[in-house]
Structure formats: C-alpha cells, structure tokens
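Chains as they are written, first to last, in the working numbering: chain A, 1 to 702; chain B, 1 to 702.
No residue lacks a Cβ here, since even glycine has one placed at the ideal position from N, Cα and C.
Note that the structure is predicted; figures quoted are calculated from it, not measured.
Take a look at the structure set out below.
Protein chains: 2
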Amino acid sequence: MLFLTLYSICATILRFDTQQRGQMSMPNQVSADPDKLVIFMPSGRRARVPAGTPLLDAARQMGVEIESICGGKLTCGKCKVQIQEGSFPKHGLVSAADHVSPASEDEQRLTDRLKIKDGRLSCCTLVNDDVLVFVPEESRAHKQVIRKSATERVIEIDPAVRKVYVEVEQAELGEHRGDWGRLQTALKQEWQLDNLAIDLLVLRRLQAVLRKGKWAVTVTLWQNREVIDVQPGYQEGVYGLAVDIGSTTVAGYLCDLRTGDILATESAMNPQVSFGEDLMSRVSYAMMHKDGLDKMHNAIIETLNKLTSRAAKSAGIRARDIHEAVFVGNTTMVHILLGISPVELGNAPFALANRDAMDVKARELGLRLHPSANLHVMPSEAGHVGADNVGVLIAEEPYKQDEIVLTVDVGTNAEILLGNKDWMFSASSPTGPAFEGAQITYGMRAAPGAIERVRIDPESLAARFRVIGEERWSDQWHQGDNGASDGQPNHLASGICGSGIIEVVVEMFLAGILLPDGRVNPALAEHERINWNGKTGAYILATGDQTGNGQPIVVTQTDVRNIQLAKAALYAGAKLLMMRADIEKVDRIVLAGAFGSYIDPRHAMILGLIPDCELDKVYAVGNAAGDGARIALLNKGKRIEAEQVAHWVRYVETAIDPDFQDQFVKAIHLPHASDSFPHLAGQLPEPIEAPVDNNRRSRRRR
Amino acid sequence: MLFLTLYSICATILRFDTQQRGQMSMPNQVSADPDKLVIFMPSGRRARVPAGTPLLDAARQMGVEIESICGGKLTCGKCKVQIQEGSFPKHGLVSAADHVSPASEDEQRLTDRLKIKDGRLSCCTLVNDDVLVFVPEESRAHKQVIRKSATERVIEIDPAVRKVYVEVEQAELGEHRGDWGRLQTALKQEWQLDNLAIDLLVLRRLQAVLRKGKWAVTVTLWQNREVIDVQPGYQEGVYGLAVDIGSTTVAGYLCDLRTGDILATESAMNPQVSFGEDLMSRVSYAMMHKDGLDKMHNAIIETLNKLTSRAAKSAGIRARDIHEAVFVGNTTMVHILLGISPVELGNAPFALANRDAMDVKARELGLRLHPSANLHVMPSEAGHVGADNVGVLIAEEPYKQDEIVLTVDVGTNAEILLGNKDWMFSASSPTGPAFEGAQITYGMRAAPGAIERVRIDPESLAARFRVIGEERWSDQWHQGDNGASDGQPNHLASGICGSGIIEVVVEMFLAGILLPDGRVNPALAEHERINWNGKTGAYILATGDQTGNGQPIVVTQTDVRNIQLAKAALYAGAKLLMMRADIEKVDRIVLAGAFGSYIDPRHAMILGLIPDCELDKVYAVGNAAGDGARIALLNKGKRIEAEQVAHWVRYVETAIDPDFQDQFVKAIHLPHASDSFPHLAGQLPEPIEAPVDNNRRSRRRR
C-alpha cells in the first residue's frame, strides 16, 4: 500500500501517461493483482485497470465518453467527475475519495479558477484502489438533447466540427517537418488524428498563431479530416448554423455545437419573392433573364449574410465564429443557393442537377461565416421533393414507426410523406402561396396585426378574432378585463395570415356562409355581414372600427376559391399516395411547417386539407425541415441516415398522374365531394344538395 | 465454324459487351475449347480468351495497355492495332486478318474519317481465332518519353488528369438520380470509376453541357476521384503546365499530357525582383511592410497569368484548356506563391509553414488556368531547400545511383545534393545573385548582346568573346567570313551574363591577370588592358569599338571578389557535405540550373566552383528543377516518390555549421587555398607565393 501511494504521488507529479507507466517495471509484491475495479455511473460500466491509470483513460477504455477539449493538459476543466464515498454491496466494492490520487496543485488551481467545487478532473485523477465514479450530465461527451416532436426524441450531440487543444513542439534548427508537420504530429499523438488536411487559409495563418499561442493552439477540425481553424492558446465555443430556405421565408438557427442549445433564431423574407412568388415563376425568371440566376443567387446570399450577422450578434459571437452550416430547402432553392440554374426543374422530366448531399466551403458561395466553414447541403429525393423534406424525414423519423404516418409540410409547395418503417412514399403538391397569405385580398404575413384565430357565431354571423400581438380576442378589446390599462388593443387588425384564412373559411363553412362547393350562400345575400355584388358575396370579417386603417377586412369569393384550390392540391396528393400504398386510412398525421403549427387539427380536417384521422393523432410539429437541418448540424451520423432515407423513399410524380386530376376535383369540395370523415361525425354542416332559397339557412350548432 | 462466324457478325452488329455474351448459352459443339490464343506484340503477352472477345478487352485482361478515350464508343479512334498475317511457328500460331471480325460500317466510317489506313480499332474488333496483334507506339497507353539528362531516362506518361468520353442515360420522369447521379452511373459502368466528387463549378454547368452534347460528354478527371470538367460530345486534348519559380526567372513548360510533348516554353522575370534581389531581402520586405506579402504574391500571380496566356497562345490553345499545373521553387517562392508569409524563413530556426506537397485549386490563387484545375506544389526538404531541389532530385534521381553524385543547382541560392542510392545529404548555400549577372559592374541577364563566352590570349591579354545572338567570336566580327553580309555583327556587346563572368574570371586567372587570391596582378598595372587606379585594377574585356554604346566593358576587382564569394559559398557547401559523408572525392558532378548549362565544366573546376572530379564526369543538365516539375506533371506516381525522397534526404544546415566558415574562407582562393585538383594537373597557373615584380608574369600556356 505504501508503495502504491508513493507510486501514485510520483505518477501524479510526473504525469506519466499509461504507455509510459506500462514500460516501468513493477515490484513483485503488487504484480499478483495490481488491477483495481472502476465503475462509472450512471452507465454502470465496469472494468479492472492497472493502479495509476487516469480515470479519463479508464473511461475511454470502457467506452464511457467523458468530454475533454484539452486532452489532459489541465486547461479545459470539462472532464469533471465525482468520486462516490461509501460501501456499495450491490456493486461489490467500497469506494472512497482516497482511492484515487490526491489533487495536484495544478488541478487545485484550475478547479479553483473554474469554481469547480464538487468534483475531480478525471484526466489527472489516478486510480489507487477500487472506486465508484459518477459522471455528471455536463461532463458527458455526446450529450443528448430532447426534441419535442410528434413523439419526443433524443438527439445525440456529435457534430461534424470540434475543437481540440494541443501543445506543439517548437520549431528547432535541424528539425525540418515544418509547422504543419509538427502540428500533425501533436494531433496524432494527443488525439489519434491521422491523415489530416489543412485548409490553405488556415495554413497561411498557422505560423503566426502558433507563435502567438506560445506553441499551444486550439484546432477546429471538420469530420476529423481537415483543419479548418487554428486559434492561439485554449479556446472554447463551437458554433453552427442550421438554415431552412423556404420559398417565402428563410429561417436560421444558431446553435452551440457542444451543448446543442439554440442560441438565436432569426428569420427573413426570401428576397427572391421579388422575382416570382412561387417556384415556377422563379424558374421562369431564370429561364427568361440571362442574369436571372445570378440575381436570385446573389439576393439569397446577401439575405443569408444579414441573417447570420443578426443571429451572431444576438448570441454575442462573431459570424466568423460559425464553423459549420447545414442547409435545407426545396430543390429550386437549393439549386439557386448553389448557383445552379433551376430551369430543368421547370419542365418534365424535372431533372435535378444533383440529388446527393453537397459539402461546399462557405467562401465558395460568398457566405460570411468562418471562411473555411463547411456548408452541408442536405440531399434531395426527386425533382420536386427537396432537402427540406429530407429534413422533415430525419426530424420526424416516420421510417422508424410501426404506425402509418402521413406527414404534410404545408408551404407554397407542399411535400407529402406517407409510410412507416417498411415503406415510404413521397410526393409534392403545388399548393401555391395562399396558405402564406398571398393571393388573398387581405392576406398578410404572420406579423403583428394579422388575424390568426377566428370564430363565427352561427346565429349572428359576427366574428370574434384574435390578432398577432394581442392576448385578447376582439370581443374583449373594449372591456378592459384583461389587465390592459385602457382596454384598447395595441394592434388593431390589419389583415389575415395563413392560419387565420384557414380558420375563417372553415368557420364560414360551419356557419353556413359557405356551401360545400365553396360558394358564398346566395341565401345570405341580404345579410349585414355579407357584401353581395349580384353574383358572388364577400364576408365582412372585421368591421372598420376593428381595423388599423378604418376599412373593413373582408373575405371574398376568390379568396375562398384560392384556399379551396390549395387545400385540394394537398389533399389530392395525400390521397394519391394512399392509393399507391393501397390503404384506406392513416394512423397518424403530422402537420409540419411553421404554418402547420398554427392550424387547429380539427379545422384542417373540416376544411378537407387532410384526410380523416383520429383527431388526437394529428400533431403540429412546427418547422420540422429546420429541425432536421439542426439535427444534421448536431449529429453527423444523421447526415448519412438522411442520404440513405432520401434514396429509399419512393417518389410519386403527382403532376403527370391521371388519378391526380380526378382526386383534385373531388377535393375542391368542403371537406370533400365523396370521402367520408367518420372522426368529424356530428361536427359538419348537414349536406346541402342544391342552393337553398334566400330565406333559409341550413347549419348546425357547433 | 459457321456458327462462330455468324455469331461474331451478330456480336459485331449488336456490339454486346463481354458480360452480356457471357450470359448467352453456347452450343455444345464449341464449348469444348472455345478459347482462342491472342498474342500482343511488342510485349509478347499472350492468353486465351473466348471467341467474340473484343481485342481491347483481351488486351486489358492481359495488362496490355491500349489507349482509349471513348471506351469503345467508336469515337476516338485511339485504340488502333494491326493484325499480323502469316505463320508464326515461334509463337505456335497462324494469324490472319479474318481471324478477327470484319470491320463494321461504323468502324469503317470512323477509320475513313480519321484516315487510319493500316489498322483496326481494337474496341470493336472481336477475336474469331488465334491471332497475333501488334500495338503501334501511338496506341500504347502510358507512353514513354525519353528525357536527355546526365543519364538518359524514360518518363512514363501517367498524369493526374485524364479525359474520358461517356454516354449518359437521359433524364426521364420517374427516375430521380439527378444528372450528376446518372453521370456517376455511366462513369462507373464504362470506366469503373467510383466514389467520385464533382467540383461545384462543373456541377453548375453539368445540365446544360449534357443537353448540348445530347447526353454524350467528355469528362476530365483529377486523380480518378474528382470531376473537374465536362464538355459536350467527344473532345480531345489534355494539357498541363510545369512551372519553376526561380528567385530571378520564372520558367513555364506547357505540355500535352497525352503525348508528353512540350508544346511551349515561356520564361519571364520574377517581378518580385523589384522588392528585393535575393531571398533575404524579399523576406525583409514581407517583414517590414504590412502589405509586403500581398504585393509580392499578387505580382507573381500576375506574371504567372501572363506567362500562361503566352504559352497557351503559342500552343494554339486557351489558358482554360490547362487542367493541371505543377510548381517548384525555393521555399520562399513557394510560400509567397501560396500566400504564406516567408518571415519565419528569415531567421533561425528557419521553420517552414509546410514541408509537404499541396494541392490547391487554381481559382483559390487567382491563377487563370481552368478554374477547377489543380495546382500541385511539390514538397520541400527543409527551411532552405525547397521544391526546386526536390524537382532536381526526381529529374536526376541520384538516389537510384551506385556512384556518388554531387548535384549543384546554381542560382541566387544554390542547392547542393550529395549521395547515392544508400544515403543523401542536401544543403543550401547563399551564393547571391552574382552568377546571374547581378552585383557585377557590367553584369546583365542572358539576353542578346551579353558576353557569354570569353578567351584571353595569355601573351597579349586581349580578349576574344562571343555575345548572345551572334554565331561569330569578336575577332571574326570584321572579317565577314561567316556569311554575314557586311561583316558587322547584329549585336555589339552590351554587358556580361553569368556564364560570361565565370569564363572571364577563369581566363583572367589563367592569363595571370588574377593572382590565386583573386587580386588583379599589380605587376600588370601598366598594361594597356588594365585600368589601374593605384590600388586595384580592372580588366578591359571589350574595347569601345566592340560595344553598343562605345564605352569599354571592364571587369573590376569588386566583380572578381563577388564571384569569388559566390563560388566559395557553393564550394564550401559541397565540401561540408563531403565532410559529413566522410568522403574525399565524388564520382560524378551534375550542374543543374539553366545557368549551369552554359558553364564549361573545366572553367567551373578551375574557378573552384566545384571540387575535383574526372572532367568527363561533369554534366550540365539545364533546368533540372523545371524538368522535375514536368516529370511530376506527366507522371503522378513521381509525386509520391518526390514526397518520399524529400523526407529521406538529410538536410545539413550550413549557416550555423562552424566548419562552413572555415571551408568558405579556404574556398575564396582560385581554385582553392588547400584542396588539390588532380584532374586539372598541368592546367593551372604555377602557384605564386607573393606578388611578383612589375615586369614578370608567371603563367602557363593553355
């Protein structure tokens, strides 16, 4: 025992590593069973290791992943563990603080500085005797973050970029490897990294950084194969950006790649809207204008740079601290982002330039992240089902489910997935921009003042609504009962956003204002809430005193028609996949897209946007495409999974399918001309076969 | 036999490949021994193959490499072979033209168009019976070109870039691989190329090119792993550029990478001369000026672009047809080329940023070749022995010799190699720019009007010389005996170039004008050819009537001193390596560098530039560094050899070696203060121990 204690003190002082110790001769009296039992909690992994082994090495040998940036250089303090005290009969050992080497002065100094009170640094704590070690959450490498989704799930943090701290041999006369050669030696010896490349821009700064850092540097690695940054001394913080480029909206998530936390969320209008609202008009723009592609490419790059800069500022970092980005978007957006003409996507056979994932340096596209940062562009599935849908796939993982899941990502172009772990179909449907508030007379984006929720009283046909930015409904505005100082709303209504337009159409239908074929009921031509022009009517949703500009907000027959066309396209696409899969019903429906989060599932089903399903099996999951990008940013293995699943999904071309037209026409009706909705039983207006006379209303109470 | 003929005709028409034929059932009567003997000449390789095998496939199976760009698509016509007729008892076979399938109409059309009269295309010529096939030189893949050097040697053509022609499946509805996916499929099926990447710039053009070429394209591949160009239809011509960036001169060689031919040679002044004549002054410039590195980097890039453009023009191609370049240069030049500050090379320990070879895209450096072209920068050996010396190494291959070879690359910085197949030392010596005509009163670059050869009459001390641009010596200028119309030279002398200054110094020494310590002999103070200023003298090399401006050209004492210092540095470096290797003499001396080609070995030895050696074992090999770059351009395997040998050579740091100073001082003498030159026996002036009186000359006739 005396020998062991002396030995462990010596070893602590000299900081021999395991290999060196292995070469030392051990006296006979301890060689009989020199190995000590070490158990790591909470994993419960156990093994015997030679006395004198650092706990960090023991953990690695057992596959217990403990975080460490400095690799045992007593710099990062990330490898903290707790030594358990007491007798643990269940584990068959007695453990105590003195079963490991005492803290050296260096360790004490670092733990004092980092204010670590309740633990030891595993890199410099040597095993003396049997010991039970607890690895606290914050010290575990490959942390897991829980993502709320249709089903809660866990993302393991294992990003494509990481930082390691190394101390490099100084340049000396008679030693000719060069600074990069010596850095490679250090990375191999300390981190077992081999066959590394170095970005030319990094090589240009290497010599100055090594000398500034006094031969100690923090290296940023991409995929453990390329050095993409060197910084002097010890540096923390690895950041990444996940971006979903939608036709209308660009959403960016700035993430801490060590913790998985979202540090900033930023969104911006897609500036390409000015070249065409929907995808086909942008493809046309590229086709008709010689510089059309360049203009749209440059516009999105500029917007991405502004968005990145805002996100970085709000997270308190610089844009050049971002070392990795993952992009999703529909195929047209991805083509334009990469500077590839989208014209082939505009005509059959809708050939992609490239279906696979791409890795491109940020500087190649002029994106102002770290210039050596890699941009990972997720793979696509087919000409009209892009990386955004692959993002939804890996976020929602329907391909791992037993139940048959219908996933619809509602946007200007809707992507539809249907399947389970055994099979999966995908399709796209050109819904148009109506769901984003475009093509609607008083449509607007989801911004303060937009009507987002609507209820219509079936008796009076008067509407209650709520606008974004207000917590109260419109009928509470003048009551001052919600704590508002004077009872006046901060935001009067100024338009209708996407979720609002769906609700108002559904409410109009439920209130009998709309007939099942979508016409404004001629029987209500005289009603005070209806503006009738002789042939068609418009519904007054908000009166002049409820709006910002004093003009009423109305929903016209054309608005209703546009919503009908959009929802019919989506429904027909879903139905077509159900026909291909030969199924009558789905077990679960996932509404993806930022917009999907705001749709009430019951309203969506009454509208006939989605087929019949148990209502509490319909989930809104928000921007799942963006979530998928974020998951691929946090876990590089998910990129491989994405590539595999993108190839596995069978794409159904809706545009040329003769059944599609047939399904589309039937789906224009509210909710549908022929399909039944057993889960809405008793909630729909009674069927009306023909226009009723002017004085009769046919509807049911909700 | 009838079956076989019918079969082979069918096969010719249908152009089944071997695999497809393998699946067909063969009637019993021929299955007993269906295989036919095929012998390829001149290799003599032989094997039996199934009847119906195309000769090209048979050749590949036997490892006989026949060129083919189109891969059997009847497009390139590169795979021509000749069917031998007659009985060949030595080979045990009878061969005849009808032992192979007759030429199809398609083949006939192509051979007519390409004017191929004496052969068949092996890709579509099927084996019918035993046959002897001759592969003419021009059809052999991996051609060999012979390089004249100290020893003649052969370079196998196997460059890093190559072109292949492929026909790609058209895009079709219901097929979602994308154009790049389908191109990959074609490259895999037709050329067995897998795991390919594609440059983003190529991907951007891919769809348009595929359609322009009607789905047939020529693909340029780098290292069989990246697609760096696609061109519509069938295209020939792969070009590469080898560049040697010297401190003073940049030399470029534009090569045809299929034949190995040099299509154009261009050279230019290194524009960095204006920032400092020697390396150390450029390092200082980078150190003292914030934008110094950028200025020097931009200057060399601009010069390289001009040089490339000139070379391309002179070869009748465009600069963007150049798909690969190899660069050599000393370490400072390589650092600046890559945009890496050379400041660390200016002070001990002379640390390189990177010793290894680098591959960089042309566009990353702003070099206007094909934008996706790769630049291969050769590795270095040590802080002061750069890629240029590695070029010399792989060009001269002293590491494969039994004899001990001393290789000196004479330039502003001289690199010295000593060794054989068992060991190799290298060193660098700061000779300064005297050998390039700088630091010499009437020094100039090797251009028309420069004195390049000199002989001094030991009796009269009058000089005969020859200037660049003239075939006649100066004493023939007025005789009109050389076919010149009026006997007047086109170029009067205007200065002295590097080889001229060496010859004049040696001739002055031989004529007794210089004493062994380098002083102008005071005994000649009164001589008409000497300008004596009381302390030192200058020699009148050309009289006023022999020069362009009417002023005499003289060689001053300072000029002589500068040459002495330069040659002493070089000699001392060589001597130091001999001491390290513990050898007394070398077996062979190679003079590399454009300059080295112009030095007469005997003069070099009398000057004491090189140690004693058998005179006919001293070779001048021209710009061996540039040759090395060209070899690495033509053969990618040589790049690996270069990396290995660069690590293997042991570098000796002369600057800090105490022996160097000692050797340097001794080497200032002509030819040397103490070393003997047995191979110059009887050719040197008799030793003079002290200045002689004014009227006595001590010298020997040559």
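With DSSP as the reference, please indicate the residues paired to residue i in a beta bridge.
i: residue 635 of chain B; result: B:158
i: residue 204 of chain B; result: According to DSSP, residue 204 of chain B bridges with nothing at all.
i: residue 374 of chain A; result: A:324, A:361
i: residue 265 of chain B; result: B:253
i: residue 219 of chain A; result: A:164, A:230
i: residue 239 of chain A; result: A:256, A:322
i: residue 532 of chain B; result: B:537
i: residue 426 of chain A; result: A:417, A:651
i: residue 35 of chain B; result: B:50
For residue i, would you say it is in contact with chain A, using Cβ-to-Cβ distances shorter than 7 Å as the test?
i: residue 180 of chain B; result: yes
i: residue 226 of chain B; result: no
i: residue 340 of chain B; result: yes
i: residue 747 of chain B; result: Outside the shown range of chain B (1 to 702) lies residue 747 of chain B, about which nothing can therefore be said.
i: residue 25 of chain B; result: In this prediction, residue 25 of chain B scores a pLDDT of 35, lower than 50, which makes its location untrustworthy; the coordinate-derived value is nonetheless stated afterwards. Chain A, which has no Cβ nearer than 7 Å to the Cβ of residue 25 of chain B, makes this no.
i: residue 344 of chain B; result: yes
i: residue 186 of chain B; result: no
i: residue 354 of chain B; result: yes
i: residue 621 of chain B; result: no
i: residue 238 of chain B; result: no
i: residue 685 of chain B; result: no
i: residue 169 of chain B; result: no
i: residue 376 of chain B; result: no
Going by CA-CA distance only, name the one from the options that's closest to residue i.
i: residue 389 of chain B; options: B:608, B:43, B:72, B:623; result: B:623
i: residue 382 of chain B; options: B:74, B:43, B:652; result: B:652
i: residue 683 of chain A; options: A:620, A:602, A:176; result: A:602
i: residue 584 of chain A; options: A:650, A:405, A:596, A:508; result: A:405
i: residue 391 of chain A; options: A:93, A:156, A:242, A:164; result: A:242
i: residue 599 of chain A; options: A:319, A:535, A:505; result: A:505
i: residue 64 of chain B; options: B:139, B:427, B:128, B:524; result: B:139
i: residue 576 of chain A; options: A:335, A:129, A:550, A:425; result: A:425
i: residue 112 of chain B; options: B:368, B:80, B:142, B:134; result: B:80
i: residue 194 of chain A; options: A:169, A:227, A:263; result: A:227
i: residue 68 of chain B; options: B:423, B:191, B:455; result: B:191
i: residue 427 of chain A; options: A:56, A:650, A:237; result: A:650
i: residue 132 of chain A; options: A:153, A:90, A:171, A:105; result: A:90
i: residue 271 of chain B; options: B:251, B:259, B:288; result: B:251
Please tell me whether residue i and residue j are closer than 7 Å, where the distance is taken between their beta carbons.
i: residue 160 of chain A; j: residue 254 of chain A; result: no
i: residue 679 of chain A; j: residue 612 of chain A; result: yes
i: residue 245 of chain A; j: residue 333 of chain A; result: yes
i: residue 530 of chain A; j: residue 442 of chain A; result: no
i: residue 167 of chain B; j: residue 182 of chain B; result: no
i: residue 56 of chain B; j: residue 93 of chain B; result: no
i: residue 597 of chain A; j: residue 625 of chain A; result: no
Counting only beta-carbon atoms, is residue i nearer than 7 Å to chain B?
i: residue 419 of chain A; result: no
i: residue 737 of chain A; result: The first residue shown for chain A is 1 and the last is 702, placing residue 737 of chain A beyond what the model contains.
i: residue 173 of chain A; result: yes
i: residue 682 of chain A; result: no
i: residue 651 of chain A; result: yes
i: residue 324 of chain A; result: no
Does any residue of chain D have a CB that is nearer than 7 Å to the CB of residue i?
i: residue 200 of chain A; result: Although the question refers to chain D, the structure presented lacks it and instead comprises the protein chains A and B.
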